[in-house]
Each structure stands twice: as structure tokens, then as C-alpha cells.
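Engineer: In my numbering, the protein residues as written are 1 to 195.
Before we start, here is the structure in question, set down as C-alpha cells.
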């Protein structure tokens with residue numbers, strides 16, 4: 001008589017999954033540390049991000065130009081060449097004048113906050129949906145943020161972009177830590193039940 005045993009989850013797979021979630025939590029810790037350091041040195045983060053953005057535009061422009069040259073004779077050539085030239089020109093301007101680029105980007109962000117906040121406030125007052133309070137609060141927050149950034153512009157451009165990037169790193173890191181520890185806990189609960 002053949003015995004039918006309940007298939008069990010291999011221990012190696014469970015250990016590998018727990019290790020993977022551990023690495024995820026470790027990456028989250030690194031991002032949190034980077035975000036906290038960035039909040040202390042926001043001006044350096046702003047300047048570094050502008051230079052990195054400019055170099056990425058330059059590299060992307062040259063790669064796009066090579067791709068357009070390879071597509072000579074097709075309808076893609078002129079569009080690819082124009083987009084590549086624009087990327088290269090924008091990259092040169094940002095790399096050669098990172099502070100002016102940061103000031104322009106900060107002004108653009110402030111205007112986006114103002115218009116987004118205005119639309120949220122007006123939209124929540126007109127529609128009055130089930131999320132009326134949250135939408136109104138978010139709209140007011142966006143308006144205040146836009147006014148604060150615009151009131152101190154252009155000096156605010158030294159720290160606004162760096163602060164936003166650092167906060168994004170911090171919250172992404174906290175999310176990865178929560179996912180890592182939560183995933184390890186779930187894997188442990190599942191492996192305990194199947195054991």
C-alpha cells in the first residue's frame with residue numbers, strides 16, 4: 001500500500017524567503033539613513049540631484065542620437081534626432097548652471113503645488129464627495145506648501161528639492177522596512193502552520 005503524505009514546504013525555500021525579506025528590510029534601513037543624512041545636508045542633495053539629472057539627460061541624449069543615426073532613412077530619424085538634441089542641450093544647461101536649474105525647478109514645483117491645491121480645494125467644495133474633508137485638507141496643505149516655497153524663492157531653491165528627495169528616501173525606506181519585517185513574519189506564520 002502506498003502512503004500518501006501531505007506535501008510539506010521545503011525548509012530551504014522558507015529560509016530563502018525570510019532572507020529575501022531581511023535584505024529588503026536592510027535596504028530600507030539604508031534608505032532611511034540616506035534620507036536622514038539628506039535632511040541635514042539638503043543643499044548638497046539639491047546640487048547633487050541637479051548634476052545627476054543633467055548628466056542623465058546628456059547620456060540619454062547621446063544614446064538617443066546614436067539610436068536616431070542607426071535609424072537613418074526611417075520616419076523615426078528626425079524625431080529621434082530632435083529629442084536627442086533637446087536632451088543634450090538641457091543636460092548641458094543643467095550641468096553648467098545647476099543652481100539656476102534648481103531655482104527653475106523649485107519655481108515650477110511651487111506653481112504645481114499652488115494649482116494642484118487650488119483645484120483640490122475648489123473640487124472638494126463643488127463635488128462634496130465622501131472624502132470631502134481629506135480632499136479639502138490636502139488642497140489647503142498643497143496651497144500652503146506652494147505659498148511657503150514661493151515666498152522664499154529663489155533662496156528656497158537651495159533646500160526644497162533636496163528636502164523632497166530626502167523625504168522620499170526616508171518614507172520609501174520606512175515602507176521597505178515594514179514590508180521586510182511583515183514579510184518575514186508572514187513567512188514564519190505560514191511555515192509554522194504547515195510544519
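Quick reminder that beta carbons are idealized off the backbone N, C-alpha and C, glycines included.
A quick note: this is a predicted structure, and the numbers were derived from the prediction, not measured.
1. Leaving out the 5 sequence neighbours to the left and right, which residues in its chain are closer than 7 Å to residue 180 when beta-carbon positions are compared?
2. Could you tell me the alpha carbon to alpha carbon distance between residue 135 and residue 67, rounded to whole angstroms?
3. If you run the structure through DSSP and keep just helix, strand and coil, what is residue 179?
4. CB-CB under 6 Å to residue 60, same chain, minus the five flanking residues each way: which ones, in chain order?
5. With H, G and I counted as helix, E and B as strand and the rest as coil, what does DSSP make of residue 74?
6. Run the CB neighbour count on residue 156, radius 10 Å, all protein chains shown included, and call it buried at 16 or more, exposed below.
7. Express the C-alpha separation of residue 175 and residue 1 in angstroms, rounding to a whole number.
8. Taking the alpha-carbon positions, what's the residue 95 to residue 158 distance?
9. For a test of the three-state rule: what should DSSP assign to residue 87, helix, strand or coil?
10. Looking at the secondary structure, which residues open and close the alpha helix (DSSP H) in which residue 128 lies?
Structural biologist: Reading from the atomic positions:
1. Translated into the one-based positions of the chain shown, residue 180 becomes position 180. 21, 22, 24, 25, 28.
2. For the purposes of this step, residue 135 is taken as residue 135 along the chain shown, with counting starting at 1. For the purposes of this step, residue 67 is taken as residue 67 along the chain shown, with counting starting at 1. Using only the alpha carbons, I get a separation of about 45 Å.
3. Translated into positions along the chain shown, residue 179 becomes position 179. Looking at residue 179 - three-state DSSP - the assignment turns out to be helix.
4. Looking up residue 60 in the chain shown gives position 60. Excluding residues within five positions, the ones whose Cβ falls inside 6 Å are 87.
5. Along the chain shown, read from residue 1 onward, the residue named residue 74 stands at position 74. DSSP places residue 74 in the coil class of the three-state scheme, outside both helix and strand.
6. To locate residue 156, count along the chain shown from 1; it is residue 156. Buried, because 16 or more other Cβ atoms sit within 10 Å of the Cβ of residue 156.
7. Within the chain shown, the letter at position 1 stands for residue 1. Within the chain shown, the letter at position 175 stands for residue 175. Annotation note: pLDDT 48 at residue 1 (below 50); position unreliable, coordinate value reported separately. If I take the Cα positions, the gap works out to 52 Å.
8. If you number the chain shown from 1, residue 95 lands on position 95. If you number the chain shown from 1, residue 158 lands on position 158. Near 16 Å, if we compare the C-alpha coordinates of residue 158 and residue 95.
9. Taking the chain shown and counting its residues from 1, the one referred to as residue 87 is at position 87. Residue 87: helix per DSSP, three-state reduction.
10. Translated into positions along the chain shown, residue 128 becomes position 128. No alpha helix (DSSP H) holds residue 128; DSSP gives it neither H nor E.
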